[in-house]
Amino acid sequence: MKISLNKIKSYVKTPAELSDQELITLIGSRLVEVEEVIDLAPAYQKIYIAKVEKAEPIPGTHLHLCEIDAGEHNAEFNQLENGLIQVVCGAPNVHAGMLAVWIAPGAIVPETYGNENFKISVRKLQSYESNGMLAGADELGFSSEHKTIAEVDPANARPGDLFAEIFDLNDKILDVENKSLTHRPDCFGLVGFAREVAGILGLQFTEPPIFENINKSLKLQNQSLVDVKITDPELCPRYTCAVFELKDNTPSRYLTEDAVFLAKAGMRAIDPMVDLTNILMLETGQPLHAFDYDKLVAVGGKKDSAKIIVRAARAGEELQLLDGRTITLEDFDIVITSNDIPVALAGAMGSKNTEIDASTRRVVLESATFSLYHLRKTQMAHGIFSEAITRFTKGQPAALCGAVLEDALVWLSVQPLAINESYPAPQKQTVVKITTSEINDLLGTEYTTAEITQTLENVGFKVVSRSEQHSFSGPSATDDAPIRESCTNGSTLKVTSPAWRTDIHIKEDIIEEVGRLLGYDNIALSLPHKPFVESEIDPVFRFKRQIRQILSHDLAMHELLTYSFVSRDLLAKVGQDPADSYEIVNSISPELQCFRQQIAPSLLDKVRENLKAGHRDFTLYELNQVTAKSAGLDADKVPVLSTHLGIVDLHDFYHLKAVVLALLRQKLKLDLSYRAITPDSAIAEAYPYLEPAHSAELVWRDRSLGAFGEVKAGVLRKFKLEQVVSALELRLDDLANADPELKIEFKLSKFPAVERDLTLKLAADISYWRVREMLESALQSTKLLFSVAPLSVYQATPDDSTKNLSFHLKFANLDHTLTPTEISAIMDQITVSAAQIGATII
Amino acid sequence: MSDLEQLKKELKALGAEYAKIKTLPPEERGEFGRQMNAKKQKLLAAIERAENDLESENIIPLDIYAPTAPNQSLPRLELGTEHPLMVELDKVVDIYAAMGFDVMESRQLDNEFHMFESLNFPKDHPARDGYDTFRTAEGFIPPAHTSTMQHRALKKYRHRLDENGQIAVVIPGRVFRNEDVDATHEHTFYQCEGVLVSKDATMGQMFGVLKHFFEAYYGQELKIKTQPGYFPFTEPSAELLIEKPASLGGKGDGWLEMLGCGMIHPNVLKTAGIDPEIYHGFAWGGGIDRLAMLKYNLSDVRYFESGKLDFLEEF
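Chains as they are written, first to last, in the numbering used here: chain A, -8 to 833; chain B, 148 to 462.
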């Protein structure tokens, strides 16, 4: 929203010593965020009111050769012998005797100010020297139409006047953030905004008559000319209207102050009737709408009397709006009807069938308020974001409608033919009872009753305070228990909010007013008193952090964050059922349509582009939440979410296995085991992108928590990947609460250890696991300290019936150095054990 | 004569001088011996250095700017990366945890009740529009703010109030807004929520806590200021700004908008079964992406979820 600082100052006498910058800073800290301050003055330098003394057509062109008089400024430019300035002008309406707006050489065309900064110079047009230009309203920034040059009413200006002074352009426009005023309908009018500025400055605001009279009832007259009926006060708490004869509605030939006023708010002048409704809306926040009375009567099929009925739209009804669109109404829309025929989409836009035009004789001017909830839906459904509906959706007060309607009639200086209203449920005054201590206790301040009362009354609240002074008849207060000044905390305030503050309901609303107007920045800072108890950190959060340290720092992996939403296409590629994903109905793109079920597929999707970027041998991981419809809902009736670790590794099964074991067993000390995956099993189904024959399931306390292994060749082809890729998906929720399970049994012998390399030849189909178990149990029986480390797995060809497994063995005795006899006894024991599984030592 | 020879000569001379000890009266011998020894140690160290220097004279200097010695393969370091957003999130949470806040995590799929109703957003209220929420066919919402967890946090920890303690919790998490993505807007981003409820919570305490946090985060004293805000779930509400810290190039003049905050609306407490006549609270929520963008001077928020290793390897 754009706010003119001059306008605010016209309502509030700001202290002379307060600079604009200080005022804007105060507004920013106590009322609303100021996004931008637009200083208009620099855009209107060297622009003067000038009288066109002579305007001769240049033969064969559409141009006129003009001589203009800019009073005392003539001498600053190239003068003709007669002292005037020569300007070539192409506008059809240029004529001798008119007052025009002259952009002198050296000035910047205001419309281009801040963008291309088009600078006017002396130049030749059709061999005539042209000194500057006579400006159109568009070039001055007040119109979007380029037809004519602006003409200035001689009653308001004389040649040589500074254009900026005549049209109040030495002004600053504050562009404020609407969002933080969502609950403040009053601040969507300049009067309301100015009232707040007064409050911030600690000044009593002087209400203009409209607001002074806000609670007076509307004087009705000649109601038979326009009957008003509201079917449901929920939809429309109040509807007021007046009928009057429309005087000349042709736009003024002059550039008006109104046009400039509207332009400052980002609006455009249209015709006097529309301009009036817009100006009143900008001033008061109350939108108005004008209908052609006779058309309205005709639409309703009546003779010389209108019957306005405000009702809910019927789903499927159609209405042609003023912008030419025909919309189909929804049952939440509210319509203004003439005898049940819709003539306007309430709060949003009028209809073609009752539009004001050149033939309009009589006007119905509407001033009403509607349910903001309904209008919000209307706004969304029909895509209407006008200045009016923006204000209605903040909840305009019913009390204001009548006062603004009456003011409009005064402004237009018309005698109404009729005034009528329907006001089924008159707005009630809100009274809040609060104590000064409640205010101070929430803010952390020590404001006195007088300060609080004054602050509230400055902006229109009525405050009655009742002091509850404590009597100290008992033992008097001792020095070590000082009692606060009784006027600080001892009063109960009865606060009546003004009719324009529809947002005041509870104590906290009053506390906010006091805190804000007196300045949150003036509150003394303190810290909470807290008992010394340790913080409770969510176990999953803590666990994720631990995993990140290990994966990124110890195992040199890269942590990615990818979107929680994936495409159906991605789910299909990895063989997951899109129907099991929660689907986003208003997604930005098909790429982000489904809530992901697992992490690894998202990572798989990032492999190719990183390969193309030149990265090799990387391992990616992500820790994030996933869900699927099949996971069901929790006690809060929301989907059960799990936190998963996903890994994608550009190596084979065994590399990823080494990573998994290093993470889970060596670092996290969790007793996780893994086992083979049977094709067509539930596990194979759960990780459909893993090749079951090259994958393993991760099991913890008999629970299946995930799987890892090589990605199926067919899946890799879909991701255009040509090398081996492995992936892991692991559910962390259960593990997060587990204490380390694997105990460390580390002992060091003082005596030298014996090291032996050992190669076993055995049938190819004997699992490594069995061999290893055999070695460990053989060594266990010796009661020595020992370790077994794999060295190699050798198989001449994949179909060879035997393979060689090599190990590095290390063993030591705690008591003495092992003797050669003892060592050969151990090796013999291993030979015997090996023979039991059909392995020979070579 | 080289330095080394000179030193060796001095050492020899010292030996000769030492012989004098026999001529000294017994009571002076101890002191004399100590002095001689100190001199000897000093000389020996100097000789050691001089000998090493002699060897260094023959060493060919390295091109220290080269990545490797000639004909050697490049050193290969395996460096992993943590995501910068997660690093920042940890840093934020660590500070709050050290201040005594409990830590909960936000959830990535929630419902209308938690996202809006429990936070005092009336049904169909225009304030809901400001959040541009995504929705699933079932009506679930990928939350647009971590405040979606406030109700749960209040319920989870309200027993602390009965135990004469207070609720103090921060809630980091991933949130979503249905908006067009550009260099400064992402539909997916991270926030950290904070909630404190006690019998004596004040707005002054809220500003005190937040000032303390930002000072700890930026490692310097910082001025704060506010501007009014509007959130249906807090009243009064404010936006907090901090002085631009020196580490971000601040010179004591600029301000940064950091977060929205306010005193928890009594309806929010009531809905969570906490009596607003007895207890007050404050809450705030701020973006993590913004902290990281400011810290690393990043111009495009889209890199965070791009999955590009080129980006991650910068950290």
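C-beta: ideal position from N, C-alpha, C; glycine also. Owing to the predicted nature of the structure, the values given are computational and were not obtained by experimental measurement.
Legend entry - Whole alpha helix (DSSP H) elements within the segment 427 to 459 of chain B, 4-residue minimum: 435 to 443 and 456 to 459
Inset, instruction - Indicate the three-state DSSP secondary structure (helix, strand or coil) for Glu326/B in the structure shown. - result: Coil, per DSSP.
Inset, instruction - Starting from Lys628/A, find everything on chain B with Cβ-Cβ shorter than 9 Å and list it in chain order. - result: Asn258 and Phe260
Inset, instruction - Use the C-beta contact count for Met371/A: other C-beta atoms within 10 angstroms, 16 or more gives buried, fewer gives exposed. - result: Exposed is the call here.
Legend entry - Rounded C-alpha distance that separates Ser824/A from Asp210/B: 59 Å
Legend entry - Interfacial residues, the segment 376 to 405 of chain B to chain A, with Cβ spacing under 7 Å: Gly376, Tyr377, Glu382, Pro383, Ala385 and Glu386
Inset, instruction - Within its chain, find whatever has a CB closer than 7 Å to the CB of Glu321/A; leave out the 5 residues flanking it on each side and keep chain order. - result: Ala304, Ala306 and Ala372
Inset, instruction - Can you pull the chain B residues whose beta carbon is under 7 Å from the beta carbon of Thr618/A, in chain order? - result: Those within 7 Å of Thr618/A in chain B are Leu256.
Legend entry - Under 9 Å from the C-beta of Phe534/A: neighbouring residues of chain B: Under the 9 Å cutoff, chain B gives no residues; its nearest Cβ is about 11 Å from Phe534/A.
Legend entry - Residues of the segment 349 to 362 of chain B whose Cβ lies closer than 8 Å to any Cβ of chain C, in chain order: Note that chain C does not occur in the displayed structure, where the protein chains are A and B.
Legend entry - Bounding residues of the alpha helix (DSSP H) (the contiguous stretch that carries Cys392/A): Ala389 to Leu403
Inset, instruction - Go through its chain and collect everything with a Cβ distance to His799/A's Cβ below 6 Å, but skip five positions before and after it. - result: Asp748, Ala780 and Leu782
Inset, instruction - Within the same chain, show all residues whose beta-carbon is closer than 7 Å to that of Leu171/B, passing over the 5 residues directly before and after it, in chain order. - result: Phe179
Legend entry - Enclosing beta strand (DSSP E) for Asn431/A [first to last residue]: Careful: Asn431/A lies outside any beta strand (DSSP E), inside the alpha helix (DSSP H) at Thr427 to Leu434.
Legend entry - Identity of the residue in Trp402/B, His427/B and Glu404/B nearest Pro383/B by Cα: His427/B
Legend entry - Gln374/B (DSSP reduced to helix, strand or coil): strand
Inset, instruction - With a 10 Å radius around its C-beta and 16 neighbouring C-beta atoms as the bar for buried, classify Phe268/B as buried or exposed. - result: buried
Legend entry - Backbone CA spacing between Ala1/A and Pro199/A [nearest angstrom]: Looking at the sequence shown, residue 1/A is not Ala but Ser. The alpha-carbon atoms of Ser1/A and Pro199/A are separated by roughly 11 Å.
Inset, instruction - Using a Cβ-Cβ cut-off of less than 7 Å, give me the residues of the segment 293 to 314 of chain B that come near chain A, in sequence order. - result: Gly312 and Gln313
Inset, instruction - For the alpha helix (DSSP H) holding Gly355/B, just list the boundary residues, first then last. - result: Met350 to Tyr365
Legend entry - Amino acids of chain A, ordered along the chain, whose beta-carbon sits closer than 7 Å to that of Gly227/B: Result: Leu542, Ser543, His544, Leu546, Ala547, Met548 and His549.
Inset, instruction - Report yes if the CB atom of Leu726/A is closer than 8 Å to the CB atom of Leu696/A, and no otherwise. - result: yes
Legend entry - Whole-number beta carbon distance between Glu574/A and Cys838/A, since they are thought to touch under 8 Å: Given that chain A is displayed from residue -8 to residue 833, the structure contains no residue 838/A and the question cannot be resolved.
Legend entry - Residue environment, Leu652/A, which counts as buried when at least 16 other CB atoms sit within 10 Å: exposed
Legend entry - Min CB distance Gln374/B to chain A below 8 Å: Chain A contact via Cβ: present.
Legend entry - Contacting positions in the segment 549 to 570 of chain A - beta carbon closer than 7 Å to chain B: From the segment 549 to 570 of chain A, only His549, Glu550, Leu551, Leu552, Thr553, Tyr554 and Ser555 have a Cβ closer than 7 Å to chain B.
Inset, instruction - Pick out whichever of Asp249/A, Pro101/A, Pro83/A and Asp398/A has its Cα sitting closest to the Cα of Ile261/A. - result: Asp249/A
Inset, instruction - Check whether the Cβ atoms of Val217/A and Ala98/A sit closer than 8 Å, and answer yes or no. - result: no
Inset, instruction - May I ask whether a heavy atom of the ligand MN can be found less than 7 Å away from the beta carbon of Phe323/A? - result: Ligands displayed in this structure: none; no statement on the ligand MN is therefore possible.
Inset, instruction - May I ask you to verify whether the segment 484 to 503 of chain A touches the segment 174 to 181 of chain A, counting CB pairs closer than 8 Å and requiring at least 3? - result: yes
Inset, instruction - Report, in whole angstroms, the separation of the C-beta atoms of Ala41/A and Ala91/A, which I expect to be a contact under 8 Å. - result: Contact flag correct, Cβ pair sits at about 6 Å.
Legend entry - Segments of 4+ residues assigned as alpha helix (DSSP H) that fall wholly inside the segment 16 to 65 of chain A: List check, alpha helix (DSSP H) in window: nothing returned.
Legend entry - Burial state of Asp398/A (16 or more Cβ within 10 Å): Looking at its Cβ environment, which holds 16 or more other Cβ atoms inside 10 Å, Asp398/A is buried.
Legend entry - Chain-ordered neighbours of Thr283/B on chain A, where CB pairs are closer than 8 Å: The answer, in chain order, is Tyr573, Glu574, Ile575, Val576 and Phe586.
Inset, instruction - Look at the Cβ atom of Glu235/B, then the Cβ atom of Leu438/B, and state whether they are nearer than 8 Å. - result: At a Cβ-Cβ threshold of 8 Å, Glu235/B and Leu438/B count as neighbours.
Legend entry - Any 3 or more C-beta pairs closer than 8 Å across the segment 783 to 794 of chain A and the segment 807 to 820 of chain A: no
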